[in-house]
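Here the structure is laid out as structure tokens; the discussion comes afterwards.
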Amino acid sequence: MGQPLGSEEVPRGGVAFPDWAYKAESSPGSRQIQLWHFILELLQKEEFRHVIAWQQGEYGEFVIKDPDEVARLWGRRKCKPQMNYDKLSRALRYYYNKRILHKTKGKRFTYKFNFSKLIIVNCPLWGVRLWIREK
DNA sequence: GTCGGAAAAG
DNA sequence: CTTTTCCGAC
Numbered sequence: 029m030g031q032p033l034g035s036e037e038v039p040r041g042g043v044a045f046p047d048w049a050y051k052a053e054s055s056p057g058s059r060q061i062q063l064w065h066f067i068l069e070l071l072q073k074e075e076f077r078h079v080i081a082w083q084q085g086e087y088g089e090f091v092i093k094d095p096d097e098v099a100r101l102w103g104r105r106k107c108k109p110q111m112n113y114d115k116l117s118r119a120l121r122y123y124y125n126k127r128i129l130h131k132t133k134g135k136r137f138t139y140k141f142n143f144s145k146l147i148i149v150n151c152p153l154w155g156v157r158l159w160i161r162e163k
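Under my numbering, the first residue of the first sequence is numbered 29, with each subsequent residue one higher.
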């Protein structure tokens with residue numbers, strides 16, 4: 029009793045807030061939204077389930093069901109009308125070395141977040157769940 | 001489709 | 001630094 033109302037679930041697991049999860053728009057300077065933020069944003073909304081969705085079975089794995097639409101949405105967000113899946117996927121490929129994503133080989137349009145070093149947390153800034161790196 | 005080098009933009 | 005653009009290779 030007497031617990032403050034309106035407080036969301038607190039992050040589980042002794043969370044630290046390091047690098048890339050917090051590089052949102054609130055970063056010092058002027059950093060734009062990053063692609064993996066955008067992907068996560070789409071993934072959490074039901075209205076985009078026909079465009080991009082989590083793959084059942086493997087946690088962190090997602091399938092782009094409509095590459096053209098994802099590219100269009102991404103292009104709109106970044107004011108890059110000429111965006112297409114070919115370019116978007118190149119940006120995704122740069123994440124391989126950054127250890128944010130990797131490809132699920134053999135599965136079309138399927139990628140996977142590196143949950144080996146990720147942890148789920150509630151992001152108080154957006155009121156959404158984000159994955160951040162475990163420290 | 002997917003990969004990754006290279007150059008360029010912001 | 002991240003992402004965009006272009007593109008040859010597989």
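Cβ coordinates follow ideal geometry from the N, Cα and C atoms, glycine included.
Could you tell me whether the Cβ atoms of residue i and residue j are closer together than 8 angstroms?
{"i": "residue 71", "j": "residue 102", "result": "no"}
{"i": "residue 90", "j": "residue 83", "result": "yes"}
{"i": "residue 78", "j": "residue 94", "result": "yes"}
Answer yes or no: the CB of residue i versus the heavy atoms of the ligand MN, is any distance below 7 angstroms?
{"i": "residue 132", "result": "The ligand MN is not part of the structure shown, which contains no ligands of any sort."}
Going by Cα to Cα distance, which pick from the options is closest to residue i?
{"i": "residue 92", "options": "67, 125, 123 and 60", "result": "67"}
{"i": "residue 136", "options": "74, 69, 80 and 73", "result": "80"}
{"i": "residue 99", "options": "65, 107 and 112", "result": "112"}
Give me the Cβ distance between residue i and residue j, rounded to the nearest whole Å; I'm assuming they're in contact under 8 angstroms.
{"i": "residue 123", "j": "residue 129", "result": "4 angstroms"}
{"i": "residue 142", "j": "residue 121", "result": "In fact, because the Cβ distance is near 14 angstroms, the residues do not count as touching under 8 angstroms."}
{"i": "residue 61", "j": "residue 105", "result": "7 angstroms"}
{"i": "residue 140", "j": "residue 88", "result": "5 angstroms"}
According to DSSP, is residue i part of a helix, a strand, or is it coil?
{"i": "residue 128", "result": "coil"}
{"i": "residue 133", "result": "coil"}
{"i": "residue 122", "result": "helix"}
{"i": "residue 102", "result": "helix"}
{"i": "residue 86", "result": "coil"}
{"i": "residue 67", "result": "helix"}
{"i": "residue 115", "result": "helix"}
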